[in-house]
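From first to last, the protein sequence lines stand for chains A and B.
Residue 158, in our numbering, is where the first sequence stops; the numbers in between run on with no holes.
Residue 93, in our numbering, is where the second sequence stops; the numbers in between run on with no holes.
Glycine is no exception: its CB is placed at the ideal position from the N, C-alpha and C atoms.
Being a predicted model, the structure only gives us computed values, none of them experimental.
Structure first, then comments.
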Amino acid sequence: MKIAPTIEGGLRIDPESDEDWHVLRAIMLDANGMDIDLASRLGDLITDERLAEDWEENIVPDLRESFTDDLNHIYAAIETAAAFPQDDETPIWITRDDAFTWYSALNQARLALEEKYKFGPEPDTDPANLTPLRHEALVRSHFYCALQSFIIQHSLGI
Amino acid sequence: MSDTSTLTETDTKVSNQTPWNVIVHDDPVNLMAYVTLILQKIFGYDENHATTLMLQVHKEGLSIVWSGELEKAEFYVQQLQMHQLKTTLEAAE
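In structure tokens form, the structure reads like this:
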């Protein structure tokens, strides 16, 4: 997979193999991989009894809708690019306008992986100490993080 | 109108006037540059102040990033959670 900045301040992703498409599609799967979704996990942080009920009823649904919209946006971008014949050049474009959306989707995936696997800030990366499932999850998390860093560097700004 | 309802109304006003702290907590996922960027975007802080708060989150585990009236505090917490920062809202002591 190649990832390169564009002169408009965005990024282009050029998947080059089935594995590349697999890891891109895994963003959605990882982000949705927890029994308790991110909106609820964040909502649970509001513990003051004067606020918690209203937060759950009014704010959490908005958070959930926003996070789902972000995932749907990148799902559409990936599947639109994937629908072209493989011999065509079919990059996935991340414009400055949808950089936050991509960042959000990648972050949802990383937060879910962290919640599930508890990697911590400095995870043990030695494959010998990891189950195959955990190792694959860690590699995906690192890939998502690298893509987020590109997005911050090239596309996000005040 | 009974005395009881008058007292309840007074209590509510006092509660809303209590300063509230918007607190961002450390987590192993959100990138430091992103946290700084979001603090600038939401609060309008300059880069130096946002970086100071971000480093406090990173080193001390949390930072009170804003204090004030409840309605605004709720709005800020919602915005920070919308950007997936681990954020709580607590009445200032």
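Check	Outcome
At a Cβ threshold of 8 Å, is P19(B) touching chain A?	no
Report the residue from L130(A), V23(A) and G9(A) whose alpha carbon sits nearest the alpha carbon of C145(A).	V23(A)
So is A92(B) in contact with chain A if we call contact Cβ pairs under 8 Å?	no
DSSP three-state label for K86(B), please.	coil
Does DSSP put I7(A) in a helix, a strand or coil?	coil
Count the other CB atoms, across all protein chains shown, that sit within 10 Å of the CB of T87(B); report buried if there are 16 or more and exposed otherwise.	buried
Ignore the nearest five residues each way along the sequence and tell me which others in A81(A)'s own chain have a CB closer than 6 Å to its CB.	T90 and I92
Quick one: residues in its chain with C-beta nearer than 8 Å to the C-beta of T51(B), no 5 flanking neighbours on either side, listed in chain order?	T36
Please state whether DSSP places L62(B) in a helix, a strand or coil.	strand
Am I right that I46(A) and A39(A) are in contact with their C-beta atoms under 8 Å? What's the rounded C-beta distance?	So it is not a contact: roughly 12 Å between Cβ atoms.
What residues in the segment 106–131 of chain A have a beta carbon less than 8 Å from any beta carbon of chain B?	N107, Q108, R110, L111, E114, F119, G120 and P121
Leaving aside the five residues before and after G68(B) along the sequence, list all residues of the same chain whose C-beta is less than 8 Å from its C-beta, in chain order.	P19 and W20
Which residues in the same chain as Y45(B) place their Cβ atom closer than 6 Å to its Cβ, once the five residues preceding and following it in sequence are excluded?	L39
Give me the DSSP bridge partner(s) of K2(A).	D14(A)
Return the first residue and the last residue of the beta strand (DSSP E) that I92(A) is part of.	I92 to I94
When you compare the segment 73–80 of chain A with the segment 97–107 of chain A, are there three or more beta-carbon pairs, one atom per stretch, that lie closer than 8 Å?	yes
Say whether chain A places a C-beta atom closer than 8 Å to the C-beta of T51(B).	no
Distance, Cα to Cα, L71(A) vs Q84(B)?	14 Å
Run the CB neighbour count on I36(A), radius 10 Å, all protein chains shown included, and call it buried at 16 or more, exposed below.	exposed
Could you name the residues of the same chain whose beta carbon sits closer than 7 Å to that of H49(B), not counting the 5 residues immediately before and after it, in chain order?	none
When you compare only the Cα positions, how much space is there between Q17(B) and L70(B)?	7 Å
Distance, Cα to Cα, L113(A) vs W102(A)?	17 Å
Using a C-beta cutoff of 8 Å, does D37(A) count as contacting chain B?	no
When DSSP labels each residue in this structure, what does V29(B) get in the three-state scheme?	coil
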